[in-house]
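As you go down the protein sequences, you meet chains A and B in turn.
Residues 93 to 408, numbered by my numbering, are exactly what the first sequence covers, in order.
Residues 62 to 581, numbered by my numbering, are exactly what the second sequence covers, in order.
All C-beta atoms in this analysis are idealised placements derived from N, C-alpha and C, irrespective of residue type, glycine included.
Just so it is clear, the structure is predicted and the values come from calculations on it, not from any experiment.
Structure record follows, encoded as structure tokens.
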Amino acid sequence: MSLVSTPIIQVRDLTMRFAKKEAVSAISFDVPRGVIHGFIGPNGAGKTTTIRILASLLVPTSGGAWIDGANVVTEPEEVRRRLGYMPDYVGVYEGLSVQEYLDFFALAHRLAPARRRASVADVIELTDLGNLLETEVHVLSKGMRQRLCLAQTLLHEPDLLILDEPASGLDPRARIEFRGLLTELRRLGKTVFLSSHILSELSSICDSVSIIEKGVLLADGSIEEIQMRLRGATVAYEVTLLEESTEVESILREIPQVGSVLLEGRKLRFDWDGEDALIHQVWGALAARKIAFTGVRREEDDLESLFMSLTSGEVQ
Amino acid sequence: MKQISKSAGMGTAILQKELIVRMRRFRSLIVQLIFAAILGGAMWMYSLSATIGGATSPEDHAQTLVAIYFAVQLAALFLIIPALGAVSITTERLGRTWDLLIGTDLSPGEIVRGKLLGILSVTFYFMLLPAPLLAMTTLFGGVSIGSILFEYFIHMLLALLLGSCAILSSAASKGTARAILQVYPLAALGLMFTMGFLSRFVYSEGLLILDYLVMDPPPWEFWLVAIPLYLFALIGTLVGSTFFLSGVESAREIPVRILFLVTFLTAICLYLYAEIPNVSATGFNSLTSSGHGQGLIVALAFLPLVLLRLAGSEPRVPLRVAQIYGEGKLATRIGYFLLPGGLRNLILSILLYSIPFAMVLLLYSIELETLSQVSENFDLENYQSRQETFEVSLFTMYLWGMSVLALGWFFAQIGFGGIVSSVLALGIHVTFAMFVTTMMAYTSGLTGFVFLSPPLLVIGLDFSPTSMMMLTEANLFSSISLLVCVLVGIALSRAKGIPVLRVRRPGMDDLYLELPEKAS
């Protein structure tokens, strides 16, 4: 298998027990390269534990995880070289300026002097910290600290970024900016694995998600795939008719792929079990009977409704 | 190909960061001012007292001023370095920068070295600031540049050791307060000892250390003991700090154990080197004499305190150790007993405990060979009776020490941590000793419970039939205790799936070392 096609994160039956509590229970998932993958779950679901295992900061009880082919247990140094990890709380050194902070971490990553300067300049440009270089890091706002920490994780040019709750505590503007930054990183070919419980943040940028609750992985894949798995092939459509019609119900029932039909005044709601490409049969049948409609809405489950339908809300 | 630099290898990255952070803080300015104020104040007070006390020669002034300066500097070192070192690692943990730091290419050893160099750089900066003024005192005579440089050298060595002790305390603690509370009593003891000696014999005479050494040179054996002792203390604290900062699945315990073994062997070699020429049945160093022999036995009674931590350490073999052993290298086979985990923890501690006993037996056999050379006036009968006391005491202490170690090992198998296991085992034996002492006070002599605390029995051994009976009971108690702890400990380990002799991490098979196909 070529390296490019190998998932950048591979997790197999990963389990973590702390004394009597099982924080993570035999979870398995893959994260392909070049995507933004959301790791979603309520507080206490096992997100941070999983992330710390992936960052080689914790040794699991059983199972395993691989970062770009390197085992997190047996090759922790290699794993740390291949990923950039941003913890849920960004600690900074009092007294260092932004420039010095980044220089320090570049040196700690053993970058050669020429590459060190180039890397620091690149991450400063990417994270737009150029006008804060002389500012001491401890006076930075939370949003700027997050940017700084993200810049730090990028210094050694890892292909994978693991970010633990990067958007928590940020104001709306900082969140939007941070989202833009993540999208830009994906464009640059980086894989971003981020945990969050702010679902509205994730739904707009994530290519795929894993949903975890009480240490158990409930769903994994793209949002569409999870939708398909949850409700099968059925899609609900809502049609707004131009005028009320009593025959519309019987017209739709003649089409085998149409499931339940509900008519309330001018609002028609029906389930479609067929392929998306065949939906034109419905519109054709309505047009043939001269039933005009002013609007059609395909009811998509968003990430929030998926999350609500999958999780029970219980915390470990 | 990524360009990699080796420059972070000696902890340069940490050193740079530490220097910037430390020197920029307002606190740094305050410390500098306090340091200058203390030194200036001491000098000023001396100049006042010298004026009041009448004029002395410029040479005397120069000597006394320099001596006062170095005495104050020494006291300042004991105050400042523990404070700088004790917060060095804990602030990283509490400030949540630790995860970022170990996510870099820096190893725990490099972090420790960087932190130490950071502390030393700041300290040396303080120390060397008044150096030009000190050099000028040589113009008055009475003080040589060589003496000043040597004094600096000794102070720097002391700073190095103090700094590494403070970092060890920081690495072993979760909180800053605990780290400071751990290191300051040690620093206070060091200060009392060092200042007591130097003030009494060196500085109060207007001398510096080099002058004192030239005037009254110690025997070369002193250096033979002092230099290895210093190196062991320094290396031990640095290795210990790295131990606390490495992951629990790392091979961090192996260097600690090697250091233990090397320290033991070196100390014993030095002791043998010093003792062998003096050992004789008639000499004052006779092992059967109550002074030397009993003193040695009491010293051996304290040995389990040191080794309990090793016996009671984590019974599970760390994953990295199991992997290294699995590679089948010859060194790991030869050093099997140095690998942590299982019954090896107990075997190694007993092995280390046995080394001093073997040393005593060696000295004893040499002493016995001298019996043929004693004069006719030598009280052979008395010697032989003391010989019996010595042999019995030695055997009893050896058996008792092993049972203490086995108890510590047993508690570790139950699941207590290393320090807790040691404290529990020690606590039980201290309780036994207190109980026996109380009973002896009530009965005004030996009690039937004395078998619980063989060291107390050995101290009061009189070879009466009762006493010998009790000695047998004590040895029986130690043997049974040793056996029960080992057997139950092994059973507990097996029940928990912890290998006793095999170098395998429990649950190792549950960890996927190779990538399996994704579960459906």
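Residues of the segment 163-192 of chain B whose Cβ lies closer than 8 Å to any Cβ of chain E, in chain order:
The structure shown contains no chain E; its protein chains are A and B.
Answer yes or no: does any C-beta atom of chain B fall closer than 8 Å to that of A/M93?
In this predicted model, A/M93 has a pLDDT of only 46, less than 50, meaning its place in the structure is not dependable enough to derive any value.
From B/L162, B/P515, B/V497, residue whose alpha carbon lies closest to that of B/T508:
When only C-alpha atoms are compared, the closest one is B/V497.
Do B/I180 and B/V133 have their beta-carbon atoms positioned less than 8 Å apart in this structure?
No, the Cβ-Cβ distance between B/V133 and B/I180 is not below 8 Å.
In angstroms with no decimal places, state the Cα-to-Cα distance between B/A287 and B/P279.
Approximately 11 Å between the Cα atoms of the pair.
For A/D105, the first and last residue of its enclosing beta strand (DSSP E)
Per DSSP, A/D105 belongs to the beta strand (DSSP E) from 101-110.
Given A/I421 as reference, the closest of A/G130, A/D122, A/Y329, A/L309 once Cα atoms are compared
Outside the modelled stretch of chain A, which goes from 93 to 408, sits residue 421 of chain A, for which no answer is possible.
Mind listing which residues of the segment 81-92 of chain B have their C-beta closer than 9 Å to chain A's C-betas, in chain order?
Correct list: I81, V82, R83, M84, R85, R86.
Please classify A/R365 as buried or exposed, where buried requires at least 16 other C-beta atoms within 10 Å of its C-beta.
In the sequence under discussion, the amino acid at residue 365 of chain A is Asp, which differs from the Arg named in the question. For A/D365, the number of other beta carbons within 10 angstroms of its own is below 16, and it is reported as exposed.
Of the choices A/L291, A/L273, A/S292, A/I290, whose alpha-carbon is the least far from that of A/V284?
Ranked by how close their Cα comes to the Cα of A/V284, the residues A/L291, A/L273, A/S292, A/I290 have A/L273 in first place.
Run the CB neighbour count on B/E212, radius 10 Å, all protein chains shown included, and call it buried at 16 or more, exposed below.
By the 16-neighbour rule on beta-carbons within 10 angstroms, B/E212 is buried.
Shortest alpha-carbon distance to B/A486 belongs to which of B/V465, B/T504, B/G478?
Distances from the alpha-carbon of B/A486 to those of B/V465, B/T504, B/G478 put B/V465 closest.
Does any residue of chain A bring its CB to less than 8 Å from the CB of B/V74?
The question names Val, yet the displayed sequence has Ala at residue 74 of chain B. Chain A, which has a Cβ nearer than 8 Å to the Cβ of B/A74, makes this yes.
Name the one or two DSSP bridge partners that A/W375 has.
According to DSSP, which records beta bridges pairwise, A/W375 is partnered with nothing at all.
Counted within 10 angstroms of its Cβ, other Cβ atoms place A/Y193 as buried (16 or more) or exposed:
Result: buried.
Under 7 Å: does the beta carbon of B/P338 sit that close to some heavy atom of the ligand GTP?
The model on display carries no ligand, and the ligand GTP is accordingly not part of it.
CB contact check: B/D571 to chain A, cutoff 8 Å:
For B/D571, the answer is yes, since a Cβ of chain A falls inside 8 Å of its Cβ.
Do A/L224 and A/V182 have their CB atoms nearer than 8 Å?
For the 8 Å CB-CB criterion, A/L224 and A/V182 do not form a contact.
Look at the alpha carbon of B/R157 and the alpha carbon of A/V184, and state the distance between them as a whole number of angstroms.
Note on geometry: alpha-carbon atoms of B/R157 and A/V184 lie some 8 Å from one another.
For B/I65, which of helix, strand or coil comes out of DSSP?
Residue placement at B/I65 cannot be trusted, given a pLDDT of 45 that sits under 50; what the coordinates show is reported in the next sentence. Strand, per DSSP.
Under three-state DSSP, which class holds B/N438?
Here B/N438 sits in coil by DSSP.
Under 8 Å, do B/W470 and B/G396 count as touching if we go by C-beta distance?
Taking C-beta atoms as the reference points, B/W470 and B/G396 fail to come closer than 8 Å.
Helix, strand or coil: which one does DSSP assign to B/V497?
Of the three classes helix, strand and coil, the one that applies to B/V497 here is helix, per DSSP.
Using DSSP with H/G/I as helix, E/B as strand and the rest coil, what is A/S337?
In the structure shown, A/S337 sits in coil (DSSP, three-state: anything other than H, G, I, E or B).
Near-chain B residues of the segment 153-166 of chain A - C-beta to any C-beta below 9 Å:
From the segment 153-166 of chain A, only T153, S154, G155, G156, A157, W158, G161, N163, V165, T166 have a Cβ closer than 9 Å to chain B.
For the segment 472-492 of chain B against the segment 379-392 of chain B, are there 3 or more C-beta pairs whose distance is under 8 Å?
Judged by Cβ distances under 8 Å, the segment 472-492 of chain B makes no contact with the segment 379-392 of chain B, as fewer than three pairs qualify.
Tell whether a beta-carbon distance below 8 Å holds between B/S59 and B/T303.
No information on residue 59 of chain B is available, as it lies outside the stretch 62 to 581 that chain B covers here.
DSSP three-state call for A/R390: helix, strand or coil?
Reduced to three states, the DSSP call for A/R390 is strand.
Can you look up B/A383 in the DSSP assignment and give me helix, strand or coil?
Helix.
Fully enclosed by the segment 324-395 of chain B, which alpha helix (DSSP H) runs are 4 residues long or longer?
Those alpha helix (DSSP H) runs which fall completely within the segment 324-395 of chain B and span 4+ residues are 351-362, 364-372, 380-387, 391-395.
Amino acids of chain B, ordered along the chain, whose beta-carbon sits closer than 9 Å to that of A/V172:
Inspection of the sequence shows that residue 172 of chain A is occupied by Arg rather than by Val. Chain-ordered, the chain B residues with CB closer than 9 Å to the CB of A/R172 read I163, G164, T165, D166.
Taking DSSP's pairing of strands, which residues face A/Y329 in a bridge?
The secondary-structure analysis by DSSP pairs A/Y329 across a beta bridge with A/F362, A/R390.
What are the residues of the segment 265-293 of chain A that lie near chain B, defined by any Cβ-Cβ distance shorter than 8 Å?
Taken residue by residue, none of the segment 265-293 of chain A has a beta-carbon sitting less than 8 Å from a beta-carbon on chain B.
Closer than 7 Å between beta carbons: that is the criterion. Which residues of the segment 540-558 of chain B meet it against chain A?
So nothing in the stretch comes that close.
Host alpha helix (DSSP H) of B/M276 (start-end)
Bounds of the alpha helix (DSSP H) holding B/M276 are 270-276.
Please report the distance separating the alpha-carbon of A/W158 from that of A/S397.
Using only the alpha carbons, I get a separation of about 31 Å.
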